[in-house]
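**Q** Residue numbering for the sequence shown follows full-length UniProt numbering, beginning at 1 and increasing consecutively.
To start, I am sharing the structure in question, which I have written as structure tokens.
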Amino acid sequence: MTSSSTPHAPFLRLRPHLQPSPYGKPSGTSLASLFTLSTTQDPSITSGPSHITLPASQTYGELWLSDHPSGVSFVLPSNTPLSTLITDAPDLFLTHRVQARFNEDGVLSTHIPFIFKILSFDKPLPLQSHPPRDIVQQLRARGVPGIVDKNHKPEVAISLSDTFSAFIGFRPLHDIKLLLEDVPEFDAVVADDEVMNEFLRAPAEDVDAEVILRTVFTRVLAAEKTKVKELCEALTRRVDDTGDEAFGEVGRREGLGKVWRRLWETSKGDVGVLAAVVFCNYVCLKKGEGVAVPAGCIHAYVEGDVVECMAWSDNMIAHGLQDPELNHSPELLADTVTYNTPPPSKLMLEQVPFPRVSNHHTTFVKAPIEEFDLLKISLKDGEEEVLAEGIDGPSVFIITKGQVLMEAESGGRVQKEELKTGQAVFVMPGRGWKMSGEGETEVWGAFVEGK
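Next comes the structure, spelled out in structure tokens:
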């Protein structure tokens, strides 16, 4: 039997924030919208929104489980903003140790240190970065659009779909040079440019080459639009004829013909297509694999469904693969990205058994980010997972496949909730729980603890 959650119950059902986006999938196929409707159309929720319909033509890219003002979740059935409950009782919802660990200029924190999302997209996201804290402070002082809070925003993405593709971090200098030399259309964008020639002559291990790379990257982003479009159209014709071979050695190794076509179909004439392929590592992950994106790392997700978690921030600097009117200047993006991020192989997330559960159905995903770690619970029909001691901090869980019965005890009373695919809960600190799978079930969660 399902019981209603209250602000003092062991766990609280959440209504997520659903965000329309140009890169999202249509409402009928987007996991973000389908998961949201799983809650808003549930007849067992007797108050608040129900039986909501979404326009078939609208695309939705993001579901947020968060207390950030850009995407606040609501606690059901009262429809109270999660942020209100946390602000009113931060010791109860966060613990004093978490507040102290993530204090802001000596003031105890009053928000969850992370934002937990589901992303569902079939078009590329903007070519972007989330600046480190020191750069954020400078940009805030200048009033730069897109900088809405004080924090940095390192993040991780884990594939829910069979494949997830993205551009993450700058390529090795050697590969950038190969592309510029092997693809005449790329070289022609900055033809007769002394800086380009200096870059191509510089040894790959030369530290100064990174300084030159910043200049070359800026000049490509700022290249004349008509010229970029003409050269990219010419390259697309060669890709149609020769496939990966059009990109030389790197293209053959990475299969760049397919991703070039994908980018060109959705972003014709956009300099971000050129910049992403030339300068950024192309990464393809299988279902269940995850990757970290450090603060300041250039990136653009291309296609897939992912679990995404990040530090509590909505800051972004972007140029390319979006509406040109939303672009920051090429110089701003180039000046705020990091040019020495680790290669993708070093950014892959480590996944190991979680030792604190009873039945060993839970995987611990270690994020190289202090604000959170992740859990994946995999259950077959009738299997149970038990966390007896609870987590010493806030945690959020979402059912990404199947259905679970979640139970937790408080004050001699047992709270029970049937949670379907797409439904989510906030678990109070220190509260143990049991999840019982109904059918093949997958649950993803994020949590943080005080030191």
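Just so it is clear, CB atoms sit at the ideal spot from N, CA and C, and this is done for glycine as well.
Just so it is clear, the structure is predicted and the values come from calculations on it, not from any experiment.
(1) Can you name the start and end residues of the beta strand (DSSP E) that ASP240 belongs to?
(2) My understanding is that VAL307 touches ILE158, with C-beta atoms under 8 Å, so please give their C-beta distance in whole angstroms.
(3) Thinking C-beta only, is ARG133 closer than 8 Å to TYR339?
(4) For ALA100 and ASP392, what's the separation of their Cα atoms in angstroms?
(5) Tell me whether the beta-carbon of PRO20 lies closer than 8 Å to the beta-carbon of TYR60.
(6) Which stretch, first to last residue, makes up the alpha helix (DSSP H) that contains GLN137?
(7) Output the residue ranges of the beta strand (DSSP E) runs that lie fully inside the stretch 327–387 and measure 3 residues or longer, sorted by chain position.
(8) Would you decide whether PRO131 is buried or exposed? Buried here means 16 or more other CB atoms lie within 10 Å of its CB.
(9) Just the C-alpha distance for ALA276 and PHE217, rounded to the nearest angstrom, thanks.
(10) Taking GLY402 and THR441 to be in contact with their CB atoms under 8 Å, please state how far apart those CB atoms are, rounded to whole angstroms.
(11) Determine the burial state of MET1: buried for a count of at least 16 other Cβ atoms within 10 Å of its Cβ, exposed for fewer.
(12) Among the candidates VAL156, ASN103, SER120, ASP182, whose CA atom is the shortest distance from the CA of PHE372?
(13) Pick out whichever of PHE74, ALA166, CYS309, THR84 has its Cα sitting closest to the Cα of ILE298.
(14) Which value, in whole angstroms, describes the spacing of the CA atoms of THR46 and ILE52?
(15) Give me the Cα-Cα distance between VAL239 and GLY272, rounded to the nearest whole angstrom.
(16) Going by the CB atoms, is the gap between MET406 and LEU419 shorter than 8 Å?
(17) Starting from the C-beta of THR363, find all residues in its chain whose C-beta is less than 6 Å away, skip the five residues before and the five after it, and write them out in chain order.
(18) Using DSSP with H/G/I as helix, E/B as strand and the rest coil, what is ARG13?
(19) With 16 as the cutoff for other CB atoms within 10 Å, does SER3 come out buried or exposed?
(20) For GLY28, which residues of its own chain have a beta-carbon under 7 Å away from its beta-carbon, when the five flanking residues on both sides are left out?
(21) Is it the case that the stretch 243–254 contacts the stretch 175–193, given that we only count it when at least three CB pairs across the two stretches are under 8 Å?
(22) Please return the same chain residues whose Cβ sits closer than 7 Å to the Cβ of PRO368, not counting the five positions on each side in sequence.
(23) Which residue comes first and which comes last in the alpha helix (DSSP H) that contains GLU449?
(24) Where does ARG253 sit, in a helix, a strand or coil, going by DSSP?
(25) Quick one: using the 10 Å Cβ neighbour count with 16 as the cut-off for buried, is HIS8 buried or exposed?
(26) Take LYS229 and list the residues in its own chain whose beta-carbon comes closer than 8 Å to its own, dropping the five residues that flank it on each side.
(27) Residue range of the beta strand (DSSP E) that GLN99 falls in?
(28) Enumerate in chain order the residues of its own chain whose CB-to-CB distance from MET316 is below 7 Å, with the five nearest sequence positions on each side excluded.
(29) Say whether the stretch 324–338 touches the stretch 136–154, bearing in mind that this needs 3 or more beta-carbon pairs closer than 8 Å, one atom from each stretch.
(30) Can you tell which of ALA223, LEU321, TRP312, THR421 has its C-alpha closest to the C-alpha of PHE102?
(31) Taking the continuous beta strand (DSSP E) assigned at ASN315, which residues delimit it?
(32) Would you kindly check if the distance between the Cβ of SER161 and the Cβ of GLY24 is under 8 Å?
(33) Would GLY169 and CYS280 qualify as a contact pair, given that the criterion is a beta-carbon distance under 8 Å?
(34) Out of GLU325, LYS416, VAL259, which has the shortest C-alpha to C-alpha gap to ALA300?
(35) Using a threshold of 8 Å, state whether the C-beta atoms of PRO10 and TRP433 are closer than that.
(36) Would you tell me roughly how many angstroms separate the C-alpha atoms of THR95 and GLY450, rounded to the nearest one?
**A** Looking at the atomic coordinates:
(1) Unbroken run through ASP240 is the alpha helix (DSSP H), 225–242; no beta strand (DSSP E).
(2) 5 Å
(3) no
(4) 13 Å
(5) yes
(6) 133–142
(7) 350–353, 362–366, 373–379, 384–387
(8) buried
(9) 10 Å
(10) 3 Å
(11) Confidence is the limiting factor: at MET1 the pLDDT is only 38, short of 50, which leaves the residue's position unreliable and the question unanswerable from this model.
(12) VAL156
(13) ALA166
(14) Bear in mind that the predicted position of THR46 carries a pLDDT of just 48, short of 50, making it unreliable; the figure below should be weighed with that in mind. Answer to the nearest angstrom: the Cα atoms are 14 Å apart.
(15) 18 Å
(16) yes
(17) GLN351, LYS376
(18) strand
(19) Bear in mind that a pLDDT of 45 at SER3, under 50, signals an unreliable position, so the model cannot answer this.
(20) ALA56
(21) yes
(22) ALA292
(23) Element bounds for GLU449: n/a, residue is neither H nor E.
(24) helix
(25) exposed
(26) LYS268, GLY269
(27) Careful: GLN99 lies outside any beta strand (DSSP E), inside the alpha helix (DSSP H) at 96–101.
(28) GLN128, HIS130, GLY146
(29) yes
(30) TRP312
(31) Looking at the DSSP string, ASN315 is not in any beta strand (DSSP E), and its letter there is neither H nor E.
(32) no
(33) yes
(34) VAL259
(35) yes
(36) 8 Å
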